[in-house]
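Input: a single structure, listed below in structure tokens.
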Amino acid sequence: MVDPTAKLGLNIHIGPYVVVDKYVAIGDDATILAHTVIYPGARIGHRFFAHAHAVVREHCILGDDVILQNGAIVGADGFGFAKKPDGDWHKIVQSGTTVLEDAVEIQANACIDRASVGETRIQRGARVDNLVQVGHGSSVGPNTLLCAQVGLAGSTQIGRNVILAGQVGVAGHCTIGDGVIATAQSGIPNDVPAGKMVSGYPAIDNRQWLRSVALFNRLPELLRRRRSPEPEE
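Note that the working numbering has the sequence shown beginning at 730, numbered continuously upward.
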């Protein structure tokens, strides 16, 4: 279903069961495959490619050459709740938007939340792997890689050319400088200066972490030696 108010460019392929809602604008040479849903007011550039079951929520902005793999969700509500006096949770309206700049690819079942106020932004050339969660109000710099199962809490600021390996988690309101590399399963609770390689939880300098792991593996031996009486001279 394509709403009559939608503005579609030239040479667009629309698959079966696609929904393009009110006041959507899409540029030329788009390919939109089965069961994709584009909510009202979304604006999308040229050469958009959406695989089956991708979703672009209301008023999101996508640049040129954006690719959404199967099940990618752009602009779902950010996780914002406030506790009421009776203990129940009150949902905070997520009134912002999500922006994907040119040449961004979001892979399968990844979620880029919309901001509560302002925007969530994925900058030019960034790549977001399967099952990644980008929290509301975050910003991801140009040519950054977020590998599988990375999680960014709300208002995280990621610089350019950063690599966060699989299952890295970043606490909210942290700033990760340009060129940072975080190895797999690192947990980052604080800001990380540009150019650092970090590992572990809480994430520390990678070389220090390697030394610490080597020592950790020797702890049983060191404990046995401490408990054993020293041989007499």
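Heads up, the beta-carbon is just placed ideally off N, CA and C, and yes, glycines get one too.
In this text, all values refer to a predicted model and were calculated from it rather than measured experimentally.
What is the DSSP secondary structure of Arg954, reduced to helix, strand or coil?
The residue labelled residue 954 in the question sits at position 225 within the sequence shown. Of the three classes helix, strand and coil, the one that applies to Arg954 here is helix, per DSSP.
My output table needs one value for Ser941: the three-state DSSP class, helix, strand or coil.
Taking the sequence shown and counting its residues from 1, the one referred to as residue 941 is at position 212. Ser941 carries a helical assignment under DSSP once its states are collapsed to helix, strand and coil.
Name the two residues that bound the continuous beta strand (DSSP E) containing Thr849.
Position 120 of the sequence shown, counted from the start, is the residue given in the question as residue 849. From DSSP, the beta strand (DSSP E) with Thr849 extends over Glu848 to Ile851.
Check the DSSP bridge columns for Lys736 and list the partner residues they point to.
Taking the sequence shown and counting its residues from 1, the one referred to as residue 736 is at position 7. Answer is Ala754, bridged to Lys736.
Taking C-alpha atoms, which residue in Asn859, Lys812 and Arg850 lies nearest to Ser867?
Mapped onto the sequence shown, residue 867 falls at position 138. Nearest of Asn859, Lys812 and Arg850 to Ser867, Cα basis: Arg850.
Chain-order list of residues whose beta-carbon lies under 8 Å from that of Pro931 (same chain, five-residue window excluded):
Taking the sequence shown and counting its residues from 1, the one referred to as residue 931 is at position 202. Once the five neighbours on either side are set aside, the close Cβ partners of Pro931 are Gly916, Ile917, Pro918 and Asn919.
Cα separation between Val747 and Thr734?
The residue given as residue 747 occupies position 18 in the sequence shown. The residue given as residue 734 occupies position 5 in the sequence shown. Approximately 16 Å, taken between the alpha carbons.
Need the endpoints of the beta strand (DSSP E) that Gly804 sits in, please.
For the purposes of this step, residue 804 is taken as residue 75 along the sequence shown, with counting starting at 1. Its beta strand (DSSP E) spans residues Ile802 to Ala805.
What whole-angstrom Cβ distance do Asp1026 and Asp757 have, given they're in contact under 8 Å?
Shown here, the chain extends from 730 to 962; a query on residue 1026 therefore has no answer.
Does the distance from the C-beta atom of Val861 to that of Ile887 stay below 9 Å?
Counting from 1 along the sequence shown, the entry for residue 861 is found at position 132. Counting from 1 along the sequence shown, the entry for residue 887 is found at position 158. No.
Counting only the same chain and skipping the five closest in sequence on each side, list residues whose C-beta sits under 6 Å from that of Gly880.
On the sequence shown, residue 880 is found 151 positions in, with the first residue counted as 1. Annotation for Gly880: Gln862 and Gly898 place their beta carbon closer than 6 Å to its own, counting only its chain and skipping 5 residues before and after.
Since Leu829 and Gly792 should fall inside the 8 Å C-beta cutoff, what is the C-beta to C-beta distance between them, to a whole number of angstroms?
If you number the sequence shown from 1, residue 829 lands on position 100. If you number the sequence shown from 1, residue 792 lands on position 63. Their Cβ separation, rounded to whole angstroms, is 6 Å, which keeps Leu829 and Gly792 in contact under 8 Å.
If the criterion is Cβ atoms closer than 9 Å, does the pair His775 and Ala801 meet it?
The sequence position of residue 775 within the sequence shown is 46, counting from 1. The sequence position of residue 801 within the sequence shown is 72, counting from 1. No. Outside cutoff.
Check whether the Cβ atoms of Ala900 and Leu874 lie closer than 9 Å to each other.
For the purposes of this step, residue 900 is taken as residue 171 along the sequence shown, with counting starting at 1. For the purposes of this step, residue 874 is taken as residue 145 along the sequence shown, with counting starting at 1. One thing to note: Ala900 has its Cβ no nearer than 9 Å to the Cβ of Leu874.
Under the three-state DSSP convention, the category Arg843 falls into
One-based indexing of the sequence shown puts residue 843 at position 114. DSSP places Arg843 in coil when its eight states are reduced to three.
Between the alpha carbons of Phe945 and Gly847, how many angstroms are there, rounded?
On the sequence shown, residue 945 is found 216 positions in, with the first residue counted as 1. On the sequence shown, residue 847 is found 118 positions in, with the first residue counted as 1. Between Phe945 and Gly847, the C-alpha separation is close to 45 Å.
Every unbroken beta strand (DSSP E) within the region 860-936, with a cutoff of 3 residues, ordered by chain:
Taking only runs of at least 3 residues, the beta strand (DSSP E) segments lying wholly in the region 860-936 are 926-928.
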